[in-house]
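Heads up, the thing below is written out as structure tokens.
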Ligand code: GAL
């Protein structure tokens, strides 16, 4: 935990305002400011004519107040002159039509011209500011993949896809086998014949689509790498970040994160609650607080993408882009900030300093109104700043529970789900929420990561499971739980020989003979240890000699156990999931604490945090908080709705 920051756009404001803005930022306790990500047309108003004067002065003013600069490359918004000169940089939609100038992210990652132009502006920017003492960090671009730009179907993308395929498969017959092109007469004679899987009459080949997703992700990665290489050379020693989007799964964040120093993300808990697939009841219940597991889930994903992480944009008030845009409840900006620190964030930066009275985002709140008056978030940030001084530094520790999170599995299932309801992301989130209802800390890690030391490892419908993962799961000594669909596909997206769960059968002898998907209103009864629980969406018929700990009403197995490996053959409702996890924790002697619907816990070294998303105040002594109020670093044992408490744990 090192700091608080804000996103600022000097190019939006008269220069006379900058000094006052910088002073107020500093007075508030902020120590860093992110600038520049959409300012290309101001940096280079005409081809090759750079105007750095305004940026020099803006940096001087901010730095003069002691603020560190997070300087962004401006490549998310290529200027009009560049688009007019090189229309080939535009991304193309599924029908091959180019997008037009006038918003942002109007470029194709595969465009050779755009890669050259991006390298040119990044080089110019980094040559000028790479060694500037004010620059404490770089951000590449802004929110890769946003607004549907994770893939493009431009002529450059088509060419690059063919090259990518040839590198992957070497021979066209290998591609034909991997894609199963015998189906519907899709056999190719050469790589030149292969197009992207767009604009087909009906569903395109799923293996083809999976490869296009992989290719598109690799293109983003290569584009980012180009910027990273320039920044490393011209600005040595400065960390490089990118700002990801919450709950976004359309490219491999682990791959891109591996090339960065910081994985940061943009946290909009209320905006994304409105846009998410939650029930109306949940949307009403969490209207002003956000879902109690949304921010934490993403913190735990991004914590494992790069060596460090932070929140680059934190929602400070109502946003403008969701279907409905409620205001946060008083206290939530403070709560979200502390929750990020408790999960190991290095910094939290708010979006944005001042609400702008023009342009697409004029109805998006800032820390200041357009008239420069403080928004309610200001007092909460001031309070956080005081509390940070009281808490000091926080330790990062490995959680006892790991959820394996794998982008190709997410893509495979999204491409060919069998039924409409239920995604791997939703399964991951329900398992995560179930862990949090039991007061457990969780790491959300890529399958390739080191599994040593975890007591419980959860595979949320990880459709692609290979032998290496299964071997490492076996060696980890942890209890392992897999939910349905685990191991149901190969890397090419085929049903494995010997059927699901593929390689996972090395841990539990079993075979999924049949499966069905069900509409959300169809519910299934599952009997476990004398009680009937609810399930739905997905049901598997399994043959196995393993122990059966829960079954469907007709006696078919649901919960299978072999040694310390477990499998669920249904899409479990929350109560069934809670029951199974509770039993597993008992069996591996992992202490649990029932937190109920809205209380959430997170431990950072020897500091225990509690966050109350509501709906009512709680007495933390029921989950083991000290009775002595002087033990609290923040708050007290009585935690109000939208409250935060933290206390030091005695050495164990
Ligand atoms: C983010 C984006 C920002 C701004 C913000 C508004 O997705 O990075 O530039 O648009 O949303 O909430």
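Numbering (our numbering), first residue to last: 43 to 694. Using N, Cα and C, we set each Cβ at its ideal position, and we do this for glycine too.
Out of the options, state which residue places its alpha-carbon closest to the alpha-carbon of residue i.
i           : options            : result
residue 489 : 297, 335, 304      : 297
residue 355 : 375, 364, 329, 150 : 375
residue 625 : 522, 681, 138      : 522
residue 612 : 97, 503, 83        : 503
residue 351 : 391, 317, 425      : 391
residue 203 : 290, 258, 71       : 258
residue 125 : 159, 100, 109, 138 : 159
residue 568 : 528, 616, 549      : 616
residue 176 : 299, 109, 279, 372 : 109
residue 536 : 238, 305, 451, 519 : 451
residue 411 : 402, 396, 197      : 396
residue 331 : 347, 321, 342, 314 : 314
residue 387 : 582, 346, 513      : 346
residue 242 : 260, 377, 195      : 195
residue 305 : 231, 186, 193      : 186
residue 480 : 640, 570, 486, 512 : 640
residue 325 : 303, 365, 437      : 365
residue 493 : 458, 418, 646, 447 : 447
residue 302 : 280, 157, 144      : 280
residue 56  : 99, 133, 276       : 99
residue 505 : 482, 455, 485      : 455
residue 384 : 687, 628, 497      : 687
Just checking residue i against the ligand GAL - is the residue's beta carbon closer than 8 Å to any of the ligand's heavy atoms?
i           : result
residue 86  : no
residue 287 : yes
residue 20  : The shown model of the chain, from 43 to 694, leaves out residue 20, and the question about it has no answer.
residue 695 : Nothing can be reported for residue 695: it is not among the residues displayed for the chain, which extend from 43 to 694.
residue 395 : no
residue 13  : Only positions 43 to 694 of the chain appear in the structure, and residue 13 is not among them; the question remains open.
residue 597 : no
residue 606 : no
residue 363 : yes
residue 80  : yes
residue 184 : yes
residue 171 : no
residue 313 : yes
residue 230 : no
residue 308 : yes
residue 174 : no
residue 188 : yes
When you compare only the Cα positions, how much space is there between residue i and residue j?
i           : j           : result
residue 565 : residue 77  : 51 Å
residue 606 : residue 340 : 28 Å
residue 539 : residue 547 : 12 Å
residue 660 : residue 643 : 13 Å
residue 413 : residue 662 : 41 Å
residue 250 : residue 90  : 41 Å
residue 696 : residue 151 : Outside the displayed range of the chain (43 to 694) lies residue 696, so it cannot be described from this structure.
residue 309 : residue 349 : 19 Å
residue 460 : residue 620 : 26 Å
residue 631 : residue 442 : 11 Å
residue 464 : residue 557 : 14 Å
residue 247 : residue 553 : 26 Å
residue 45  : residue 344 : 18 Å
residue 581 : residue 440 : 34 Å
residue 52  : residue 287 : 24 Å
residue 210 : residue 173 : 40 Å
residue 58  : residue 290 : 39 Å
residue 96  : residue 64  : 15 Å
residue 360 : residue 367 : 6 Å
residue 49  : residue 141 : 27 Å
residue 636 : residue 230 : 57 Å
residue 112 : residue 519 : 42 Å
residue 94  : residue 475 : 48 Å
residue 161 : residue 268 : 7 Å
residue 680 : residue 435 : 24 Å
residue 353 : residue 657 : 26 Å
Hey, is residue i's beta-carbon within less than 9 Å of any beta-carbon in chain C?
i           : result
residue 686 : Looking for chain C here will not work: only one protein chain is present.
Exercise. What runs of the alpha helix (DSSP H), each 4 residues or longer, lie entirely inside the stretch 87 to 148?
Worked result: 95 to 106, 122 to 127
Exercise. Enumerated in chain order, which unbroken segments of the beta strand (DSSP E) with a length of 3 residues or greater are wholly contained in the stretch 428 to 494?
Worked result: For the stretch 428 to 494, the full-length beta strand (DSSP E) segments reaching 3 residues or more read 443 to 446, 484 to 487 along the chain.
Problem set entry | Minimum length 4: unbroken alpha helix (DSSP H) runs contained in the stretch 362 to 441 | DSSP runs (the alpha helix (DSSP H)) wholly in the stretch 362 to 441: 374 to 384, 419 to 433.
For this session: Quick one: which unbroken beta strand (DSSP E) runs of 3-plus residues sit fully inside the stretch 169 to 210? Chain order, please.
Result: 177 to 181
Exercise. Considering only residues of the stretch 611 to 654, which uninterrupted beta strand (DSSP E) runs meet the minimum length of 3 residues and lie entirely inside it, listed in chain order?
Worked result: 612 to 614, 641 to 646, 649 to 654
Exercise. Taking the runs of the beta strand (DSSP E) that are 3 residues or longer, which of them lie wholly in the stretch 536 to 605?
Worked result: 553 to 559, 565 to 570, 573 to 585, 589 to 594, 599 to 604
Exercise. Which runs of the alpha helix (DSSP H) spanning at least 4 residues fall entirely within the stretch 271 to 353, listed in chain order?
Worked result: 295 to 299, 311 to 317, 322 to 327, 336 to 344
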